[in-house]
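To keep things clear, I will list the structure first and then write my remarks on it.
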Ligand SMILES: [Zn+2]
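In this note's numbering, the protein residues as written are 181 to 758.
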């Protein structure tokens, strides 16, 4: 490997920074609620776009807006039968491993066509400018002319090649497929086409792929042997006149579906090595798969390499959702959210129009309209609308325990309850907090199925937005001048999904919780949560009853002693009874 070329590449990118041509739309988020439970982060493109903007890879107005690919372009590659089948929820459900009841066909096809349209347009533009383009959704390498599967409804790479060919491009095309899985769809799309070279490094053996330069590496390969195999592939690769790079993040260690076990640093070196090899060659970079919490960091790293040649680490604890919400919070003006100096309540009361309790406020601050505005600016309403719920609106009233907020929406000629929350101020360990007595995020149109089993306490499947809601509650606590957010998780799975930013207030309780996660990590979440409900979980050999005590998130440093958490965690031993 010539490190000098890498240094020169890096120096040039630093001295003469180019604005990264980045293709992204908020509609890249798949409008399927159950993806997160299957290890797919539906917000990967969002996280990467937010990070690259904050990091300075491009200006906010530099983001390229995808347009939907037209059916004519898809027909150049795919059979009419396949394209027709994509309007069936059953077909899309099979491709995306979701229940057909959970598939809003039009919105999902909108997402797919946007991604494919961006790959096509990126190919056109890079042929003109020779700058590498990055599209944050695409690399659907499993789709063949007449068959689709594995999260790949159409083959955007093959469609883009057919489009530029139709417009007169005759040069050699190279596809470097660095996703952890074999390019079976690409092999079939380009079968018998000597003008396209497909080179691939995979960690799974799916049998022979005619026409593909395939390197199969064993499970657990790791950085150095992988980079050596990459070097050999780049040496064999014919000189491209247009290149597509599927920079899969499922090569990362710990991936649920990929086995190659690279580190984040290794993935970044992979990308820089390829970027140097393709210096000056028109190229389109695509994400492919990625099924770990860190998948977004691998893809964000691809963007950092393409814009600055950077190998700088993304901080381990950086939380893109928190960073995003903090930024938005600084922009929201309080007058829009609730009552200002001249409160409407005061005026109405003074005029004798209405008693104060007739116009309920959430937490004594947010009006219904104000809270609806909050949900809008934090980007919570749009993904819900895309699930098929129209006329979204907030209703506020009082319940026995506190203020009740309901988010309602219309679908199938009915009004549906989508979110219900009951919250009040309360004192937890001597501090005043936003206490959530009840929170239900519901997707009533979706049905439970083998792919999407019912969790304890659920009436209907969830909305897939617990992460956003948790962050929203933190922002509310800050806005209201409270010390934090607290709730009592009635079930293990609710505590489990809150564990990223909340902890049990009692350190010993937190220690037992961490021990439980450690000792049951090899079992599916649903099985553990069911076993707890049925009294089949043992603590030090004796039946263990779930302790629904308070979990909290604190604005300032959390109370409690980490040593006490660790001591109880090391002491407690959980097991599952047969
Ligand atoms: Zn893959």
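Where is the CB? At the ideal position from N, CA and C, for every residue including glycine.
- Assignment of alpha helix (DSSP H) within the segment 545-627, counting only whole runs of 4 or more residues, yields 548-557 and 561-566 in chain order.
- Nearest in C-alpha terms to residue 718, of all of 738, 708, 756 and 726, is 756.
- For residue 385, the closest of 379, 377 and 394 by C-alpha to C-alpha distance is 394.
- For the pair residue 730 and residue 724, the Cα-to-Cα distance works out to about 18 Å.
- About 15 Å separates the CB atoms of residue 198 and residue 302; that is not less than 8 Å, and the two are not in contact.
- Residue 395 carries a strand assignment under DSSP once its states are collapsed to helix, strand and coil.
- Per DSSP, residue 195 lies in no beta strand (DSSP E) segment; the continuous alpha helix (DSSP H) that holds it begins and ends at 183-195.
- At least one heavy atom of ligand 1 lies less than 6 Å from the C-beta of residue 428.
- Inclusion of residue 279 and residue 631 in the CB contact set at 7 Å is warranted, their separation being smaller than that value.
- Shortest gap from the CB of residue 383 to any heavy atom of ligand 1: 6 Å or more.
- Close CB contacts of residue 401 within its chain, under the 7 Å cut and outside five residues either way in sequence, are with 383, 440 and 441 (chain order).
- If you draw a straight line from the Cα of residue 227 to the Cα of residue 332, it is about 21 Å long.
- Annotation: the continuous beta strand (DSSP E) that includes residue 667 extends over 664-667.
- Under DSSP, the beta-bridge partners assigned to residue 324 are 327.
- For residue 445, the enclosing alpha helix (DSSP H) stretches over residues 444-457.
- Pairing residue 624 with residue 709 gives a Cβ-Cβ distance that is not under 7 Å.
- Under the three-state reduction of DSSP, residue 723 is assigned to strand.
- When the Cα atoms are used, residue 367 and residue 391 turn out to be separated by approximately 7 Å.
- Judged by DSSP in its simplified three-state form, residue 370 adopts coil rather than helix or strand.
- Taking the C-beta atoms as reference points, residue 376 is found no nearer than 7 Å to residue 423.
- Taking every protein chain shown into account, the CB of residue 607 has fewer than 16 other CB atoms within 10 angstroms, so this residue is exposed.
- Judged by the Cβ position, residue 673 fails to qualify as a neighbour of ligand 1 at the 6 Å threshold, every heavy atom of the ligand being at least this far.
- Distance from the CA atom of residue 299 to the CA atom of residue 289, rounded to whole angstroms, is 15 Å.
- Taking C-alpha positions only, residue 371 is separated from residue 327 by approximately 14 Å.
- Nearest Cα to residue 574 within the set 697, 492 and 549: 549.
- Taking 7 Å as the cut-off, the Cβ atoms of residue 426 and residue 364 do not count as close.
- Taking every protein chain shown into account, the CB of residue 335 has 16 or more other CB atoms within 10 angstroms, so this residue is buried.
- Counting other Cβ atoms within 10 Å of its Cβ, residue 714 stays below 16 and is therefore classed as exposed.
- The closest CA to that of residue 204, considering only 236, 266, 264 and 291, is found on 291.
- Our two residues, residue 269 and residue 276, have alpha carbons roughly 10 Å apart in a direct line.
- In terms of side-chain proximity, the C-beta atom of residue 441 is found no nearer than 6 Å to any non-hydrogen atom of ligand 1.
- With a cut-off of 6 Å, the C-beta of residue 688 is classified as distant from ligand 1, since no heavy atom of the ligand falls inside that distance.
- If you look at residue 464, you'll find it isn't in any alpha helix (DSSP H); it sits in the beta strand (DSSP E) that goes 463-466.
- In the same chain as residue 678, and ignoring 5 residues on each side of it, the C-beta atoms closer than 7 Å to its own belong to 650, 669 and 731, in chain order.
- For residue 423, the beta-bridge partners assigned by DSSP are 354 and 463.
- Ranked by Cα distance from residue 703, the first of 680, 722, 595 and 673 is 673.
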